[in-house]
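In order, the protein sequences belong to chains A and B. Going left to right, the first sequence walks through residues 1 to 262 as the working numbering numbers them. Going left to right, the second sequence walks through residues 263 to 526 as the working numbering numbers them. Here a beta-carbon is modelled for each residue, glycine too, at the ideal position from N, C-alpha and C.
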Amino acid sequence: MTDLRARLTGYAVAAFPVAVTTVVLVIVWEVLVTVTGTPAYIIPAPSRIWDALFSGNANLAWHTALTGFESIAGFVIGSVLGAMLGIVFAYSRFIARSLMPYVIASNTIPVVAVAPIIMLWFGSGLGSKIAVTAFLSFFPLALNMMKGLQSYDRTVMEVFHVAAATPTQRFFKMRLPSALPYIFVGLKLNVTFSVIGAIVSEFVQADRGLGFVIMTAYRTLNMPRLWAAMLASALLGILLFVLVAAAERLLIPWHSSMREAK
Amino acid sequence: MTAMASIPILSFKDIDVVYGGERGTHAVTALKAIDLDIREGEFVSLIGPSGCGKSTLLRVAADLIKPSAGTARIDGLSPSDARLNREIGFVFQDAALLEWRRILANVALPLELQGIPKDKRLARARELLRLVGIAEFENAWPRQLSGGMRQRASIARAMSTRPRVMMMDEPFGALDQITRDRLNLELSALAEREKMTVVFVTHSIHEAIFLSDRVVVMSPRPGRITEVIDVDLPRPRTLAVRETPRFNELCRLGERLLGEGFHD
Ligand SMILES: Nc1ncnc2c1ncn2[C@@H]1O[C@H](COP(=O)(O)OP(=O)(O)O)[C@@H](O)[C@H]1O
Ligand SMILES: [Mg+2]
Chain A
1 MTDLRARLTG YAVAAFPVAV TTVVLVIVWE VLVTVTGTPA YIIPAPSRIW DALFSGNANL
61 AWHTALTGFE SIAGFVIGSV LGAMLGIVFA YSRFIARSLM PYVIASNTIP VVAVAPIIML
121 WFGSGLGSKI AVTAFLSFFP LALNMMKGLQ SYDRTVMEVF HVAAATPTQR FFKMRLPSAL
181 PYIFVGLKLN VTFSVIGAIV SEFVQADRGL GFVIMTAYRT LNMPRLWAAM LASALLGILL
241 FVLVAAAERL LIPWHSSMRE AK
Chain B
263 MTAMASIPIL SFKDIDVVYG GERGTHAVTA LKAIDLDIRE GEFVSLIGPS GCGKSTLLRV
323 AADLIKPSAG TARIDGLSPS DARLNREIGF VFQDAALLEW RRILANVALP LELQGIPKDK
383 RLARARELLR LVGIAEFENA WPRQLSGGMR QRASIARAMS TRPRVMMMDE PFGALDQITR
443 DRLNLELSAL AEREKMTVVF VTHSIHEAIF LSDRVVVMSP RPGRITEVID VDLPRPRTLA
503 VRETPRFNEL CRLGERLLGE GFHD
């Protein structure tokens, strides 16, 4: 209990500077925009953005939730596929060498070029948005999974050998746990890319979601709404990232205990 | 010594180990014609300059490498069969604990891999932690322990399956002198009480003489056994043994033999 309270106090202390900065920034911004009479299509005042967050024919929260769903679904699918490919790469040098160039090449293609192609394959519904998102949140985990599985300590491997461990035991009790820090590097990248993937796919073709809101707000020069959507997508990205980071703290306690010790 | 005890528990017959040599790489003869018998309950140290093949010999016995020629036998079995029967314990210079497991689970690892039920293996691991003197750290993460404590855990882990022979490759090589003296004393008592058969690699002649029944002196290029010193110091050994004339005499003998085999 005291442990929890100490941790919450710790978070509060850590969050304090950014909270103060945000409040000051918002006030200065509001005052400057009002005093200088800057038009909303250049920079809208925070109060206008705040209004836009909750007005409009459809609530922004609904669009955010939809984009969030696409992000999470694509993230999960992309991560699972990426993890599987990473495992195959870690166990087969031949497959890694023959397929890695394609994987890297696929990663360097701009999403805006790939998205329309995927949309043509998967139709105009939710499935195609999830497919684009999965495509984008695939590569980081595939690469980090492979690196992580190869990162085990040589002597620890010998300990397992002397103890007559089976290959399955080696995987689950040694290589996978050794890979966890790398896996979370991959997952954190994936989750960030997944929000981008969802929004970009909505840019290309959609009638709902944050990408759609940004696109229509831009066409109608509704800048407060555009800024509000931008804010919402940032908050969505942060929320998903924090969830993955929390899972990391939960799953790698030996790591977090090390951080606390510092 | 009874007739039973004189049957070697670990024997090396005419062992050669050659590293490399394939695809035009330079071949290194790490060991040449090694013959060595180790009796049950015996504490034998291997000593010699770096590169004389001490680790290689332990690794042959533990089935971490195959010899190029000759045979090793552990309790009548090949190293591979002995390993699969969990008759081998190995302590490395690096404690090599799993950072993601608490100390108790680290010590229980070999039993877990063997499929021993959880309550049984944890009970055994707790007993071992008491034996090596770190019972109060069972819930610590490896990173939270000092080098000496980590090495104690590593020794406990190697003992968990009650192996017939214990290989220790410079287990205290990375520790400070005070910790090292302390662990030497405790290892000596532990090996005696648990009737362990130990093959111990070290660079320190003092450590070797203090711990061992026999000290095997090796020399490099190619790695071979040059001399075997019988250590006739009484047991149980205390640090006071180091003050005796016989101890110092044996150390000087060891130093001289090491110097002879070592012409660089
Ligand atoms: N995996 C290896 N590949 C090639 N040469 C090796 C390998 N391991 C050891 N050697 C060589 O074999 C010799 C003996 O090594 P080692 O058994 O580690 O000696 P020691 O433990 O006595 O220092 C050294 O010359 C070393 O360079
Ligand atoms: Mg060595």
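Limits of the alpha helix (DSSP H) - the one that residue i falls within
| i | result |
| --- | --- |
| residue 270(B) | Premise fails: residue 270(B) lies in the beta strand (DSSP E), 270-281, not in any alpha helix (DSSP H). |
| residue 154(A) | 154-162 |
| residue 352(B) | Run containing residue 352(B): none in the alpha helix (DSSP H); it sits in the beta strand (DSSP E), 350-353. |
| residue 146(A) | 139-149 |
| residue 89(A) | 60-91 |
| residue 394(B) | Looking at the DSSP string, residue 394(B) is not in any alpha helix (DSSP H), and its letter there is neither H nor E. |
| residue 459(B) | From DSSP, residue 459(B) is part of no alpha helix (DSSP H); its letter is neither H nor E. |
| residue 503(B) | Per DSSP, residue 503(B) belongs to no alpha helix (DSSP H) and is neither H nor E. |
| residue 368(B) | 365-376 |
| residue 47(A) | 46-54 |
| residue 169(A) | 167-170 |
| residue 119(A) | 111-122 |
| residue 318(B) | 316-323 |
| residue 469(B) | 467-473 |
Reduced DSSP secondary structure (H/G/I, E/B, other) of residue i
| i | result |
| --- | --- |
| residue 517(B) | helix |
| residue 193(A) | helix |
| residue 383(B) | helix |
| residue 434(B) | coil |
| residue 494(B) | coil |
| residue 97(A) | helix |
| residue 188(A) | helix |
| residue 423(B) | coil |
| residue 263(B) | Because the pLDDT of residue 263(B) is 44, which lies under 50, any placement of that residue in the model is unreliable, and the number read from its coordinates should be weighed accordingly. In this structure, residue 263(B) counts as coil in the three-state DSSP scheme. |
| residue 3(A) | helix |
| residue 298(B) | strand |
| residue 199(A) | helix |
| residue 13(A) | helix |
| residue 221(A) | coil |
| residue 489(B) | strand |
| residue 19(A) | helix |
| residue 292(B) | strand |
Proximal residues to residue i (C-beta, below 8 Å), its chain only, five neighbours per side dropped
| i | result |
| --- | --- |
| residue 386(B) | 370, 373, 378, 422 |
| residue 508(B) | 494, 495 |
| residue 276(B) | 295, 296, 297, 331, 332, 333 |
| residue 382(B) | 373 |
| residue 269(B) | 301, 302 |
Delimiting residues of the beta strand (DSSP E) encompassing residue i
| i | result |
| --- | --- |
| residue 305(B) | 305-309 |
| residue 478(B) | 476-481 |
| residue 336(B) | 331-336 |
| residue 346(B) | Residue 346(B) -> not in any beta strand (DSSP E); alpha helix (DSSP H) instead, spanning 341-346. |
| residue 132(A) | Segment 126-136 is the alpha helix (DSSP H) holding residue 132(A); no beta strand (DSSP E) there. |
Cβ distance (whole Å) where residue i is taken to contact residue j below 8 Å
| i | j | result |
| --- | --- | --- |
| residue 429(B) | residue 358(B) | No, residue 429(B) and residue 358(B) are not in contact; Cβ-Cβ is about 13 Å, not under 8 Å. |
| residue 516(B) | residue 491(B) | 6 Å |
| residue 438(B) | residue 463(B) | With a Cβ gap of about 19 Å, residue 438(B) and residue 463(B) do not count as contacting. |
| residue 309(B) | residue 477(B) | 6 Å |
| residue 181(A) | residue 252(A) | 6 Å |
Beta-carbon contacts of residue i that lie in its chain and below 6 Å, excluding the five residues immediately before and after
| i | result |
| --- | --- |
| residue 396(B) | 411, 414 |
| residue 82(A) | 138, 141, 142 |
| residue 279(B) | 292, 293, 318, 329, 330 |
| residue 281(B) | 290, 292 |
| residue 77(A) | 134 |
| residue 73(A) | 130 |
| residue 313(B) | 482 |
| residue 29(A) | 46 |
Neighbourhood of residue i by C-beta, 7 Å cutoff - its chain only, sequence neighbours within 5 removed
| i | result |
| --- | --- |
| residue 442(B) | 434 |
| residue 241(A) | 188, 191, 192 |
| residue 205(A) | 119, 124 |
Any C-beta of chain C under 8 Å from that of residue i
| i | result |
| --- | --- |
| residue 433(B) | Protein chains in the displayed structure are A and B, and chain C is not among them. |
| said: If the cut-off is 8 Å on Cβ atoms, which residues from the stretch 302-333 of chain B count as contacting chain A, listed in chain order? | reply: Answer in chain order: 324, 325, 326.
| said: Closer than 8 Å between beta carbons: that is the criterion. Which residues of the stretch 137-159 of chain A meet it against chain B? | reply: Under the 8 Å Cβ criterion, the stretch 137-159 of chain A contributes 153, 155, 156, 158, 159.
| Within 9 Å of chain B by C-beta, residues of the stretch 172-197 of chain A in sequence order | When CB distances to chain B are screened at a threshold of 9 Å, the residues of the stretch 172-197 of chain A falling below it are 173, 174, 177, 178, 180, in chain order.
| task | Please list the residues of the stretch 337-355 of chain B that have a C-beta atom closer than 9 Å to any C-beta atom in chain A, keeping them in chain order. | result | Here the close residues are 345, 346, 347, 348, 350, 351, 352, 354, 355.
| Got a sec: which bits of the stretch 370-382 of chain B sit with their beta carbon under 8 Å from any beta carbon on chain A, in order along the chain? | The stretch 370-382 of chain B vs chain A, Cβ under 8 Å: 371, 372, 374, 375, 376.
| field | Members of the stretch 405-416 of chain B near chain A, C-beta cut-off 9 Å | value | Residues 405, 406, 416.
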